[in-house]
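Input: a single structure, listed below in structure tokens.
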Amino acid sequence: MISATHGIPMKTLHLTDSESWWKQIRIRTMDPGFSFQKHLDIMYPSPLRKIAVRYPRRHVLGRLMKHHEKWALQNMPSLLDQSPRKPIGYTSEKGTLAKPVSFRQCLTEWLPAALKSTKLDLIYSTDIHGRSLASFYNRCEKSKNTVVLVEAFTLNGKRRSLIGMFATQAWSINPRPYGDSDCFLFRADHDAMCFKWTPDPGNIENLENNAVSEQFMVSRSDFIAMGANNDATNGIRLDKDLVKGESHPALGFNNEPLPGDNQRTFEVGHLEVYRLIRDVE
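Those letters in the sequence shown? Residues 0 to 280, by numbering that gives the first Met the number 0.
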């Protein structure tokens, strides 16, 4: 049901499907005479407005966007600009791993919708700040959304690939797993791939598997990790000195071992962490 109010008597249209509803919404909102304030006054006449109008908090909007994102992409109106997005911006002269345009273009496809217009800003580098988990935590403890990039080498010193993870909360020593379902794992070169967390409907009643699959971020004094399994392996795990790492298929993420070619252990070369910032920041 939708009301027509553009300078004509109030009229209620009875629409029978979602396509008709959205068509009417587009017609009215694109009309030059459209006024959001006018509709607000009709729906919530003063003095009820302050009581009735409730705008969702950011985390509620985030959950709604995440839940409907796939449907929205499949049903995007043809009149919208669907050209490829520009690569994520880059602000750090001292960083190296995130400079390639191909990787930053991938990030625009992988990141949650609310972060696609941000820029990468270097906050930690093993070359600049030293190679230790303590330094990592110290540099990352105030940054909520971060991209961790890791050069993965084979044990004989041959570079395999650039791999990493996207974290939705600030990294810090924590006795419990944290983060949320927007976290993801990725391989940035050699057939770039993103492994996003997806709940398994078949595991709804398996409380143990559910608890393990929701170990999005794990950070202790002796390692950091993302993703987990019942056998205590992780989607990606880095040791205390940020020297060695391992990667296994993880519940929920359904990832390949990130370095590729079923390579599950690796040596850590250069490691960098970037926070995501907007121009106003």
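Glycine is no exception: its CB is placed at the ideal position from the N, C-alpha and C atoms.
Quick one: measure Cβ to Cβ for residue i and residue j, integer angstroms, because I've assumed they're closer than 8 Å.
{"i": "Gln168", "j": "Lys143", "result": "6 Å"}
{"i": "Leu184", "j": "Asn254", "result": "5 Å"}
Inspect the beta-carbon positions of residue i and residue j and report whether they are closer than 8 Å.
{"i": "Trp170", "j": "Glu140", "result": "yes"}
{"i": "Gly244", "j": "Gly234", "result": "no"}
{"i": "Leu96", "j": "Leu132", "result": "no"}
{"i": "Ala293", "j": "Gly178", "result": "A question about residue 293 goes unanswered here, because the residues of the chain that appear run from 0 up to 280."}
{"i": "Ile172", "j": "Ser220", "result": "yes"}
{"i": "Met164", "j": "Cys182", "result": "yes"}
Let's test the definition: count the other Cβ atoms within 10 Å of the Cβ of residue i and tell me whether it reaches 16, buried, or not, exposed.
{"i": "Pro31", "result": "exposed"}
{"i": "Ser218", "result": "buried"}
{"i": "Thr15", "result": "exposed"}
{"i": "Ile162", "result": "buried"}
{"i": "Ile26", "result": "exposed"}
{"i": "Tyr273", "result": "buried"}
{"i": "Thr145", "result": "buried"}
{"i": "Ala210", "result": "exposed"}
{"i": "Leu257", "result": "buried"}
{"i": "Arg48", "result": "Bear in mind that a pLDDT of 49 at Arg48, under 50, signals an unreliable position, so the model cannot answer this."}
Once you ignore the five residues that flank residue i on each side, which residues in its own chain have a CB closer than 7 Å to its CB?
{"i": "Phe152", "result": "Arg158, Arg159, Phe265, Glu266, Gly268"}
{"i": "Phe222", "result": "Arg236, Leu237, Asp238, Lys239"}
{"i": "Ile87", "result": "Arg103, Leu106, Thr107, Thr117, Lys118, Leu119"}
{"i": "His189", "result": "Ser160, Gly259"}
{"i": "Lys98", "result": "Tyr89"}
{"i": "Asp40", "result": "none"}
So which of the options has the shortest CA-CA distance to residue i?
{"i": "Pro248", "options": "Thr125, Asp230, Val242", "result": "Asp230"}
{"i": "Ile276", "options": "Pro99, Ser19, Thr117, Gly88", "result": "Thr117"}
{"i": "Asp260", "options": "Arg186, Gln214, Tyr273, Val211", "result": "Arg186"}
{"i": "Met216", "options": "Met192, Asp181, Pro176", "result": "Pro176"}
{"i": "Arg281", "options": "Glu271, Tyr273, Ser246", "result": "Examination of residue 281 is not possible in this model, given that the chain is present from 0 through 280 alone."}
{"i": "Lys115", "options": "Asn137, Pro99, Lys85, Thr90", "result": "Lys85"}
{"i": "Trp70", "options": "Phe33, Ser17, Asn155", "result": "Ser17"}
{"i": "Ser180", "options": "Asp40, Pro111, Leu154, Asn208", "result": "Pro111"}
Confirm the yes/no value for this check: CB of residue i, any heavy atom of the ligand MN, distance under 7 Å.
{"i": "Ala187", "result": "Among the components of this structure there are no ligands whatsoever, and the ligand MN is therefore not found."}
Ordered along the chain, which non-local residues of its own chain (more than five positions away) have a Cβ less than 6 Å from that of residue i?
{"i": "Gly251", "result": "Trp196, Ser212"}
{"i": "Gln281", "result": "Within the shown structure, residues of the chain are numbered from 0 to 280, placing residue 281 beyond reach of any answer."}
{"i": "Thr90", "result": "Lys118, Asp120"}
{"i": "Leu270", "result": "Thr125, Val149, Leu241"}
{"i": "Thr4", "result": "Interpretation of Thr4 is limited by its pLDDT of 47, a score under 50 that renders its predicted location unreliable; no figure is taken from the coordinates."}
Short of 8 Å in beta carbon distance, which residues of its chain neighbour residue i, apart from the five on each side in sequence? Order them along the chain.
{"i": "Lys93", "result": "Leu121, Ser124, Ile127"}
{"i": "Asp199", "result": "Asn208, Ser212, Leu250, Gly251"}
{"i": "Tyr136", "result": "Trp170, Ser171, Ile172, Ser218"}
Mind checking if residue i is an interface residue toward chain D, Cβ cutoff 8 Å exclusive?
{"i": "Ser101", "result": "This model lacks chain D altogether; it includes just one protein chain."}
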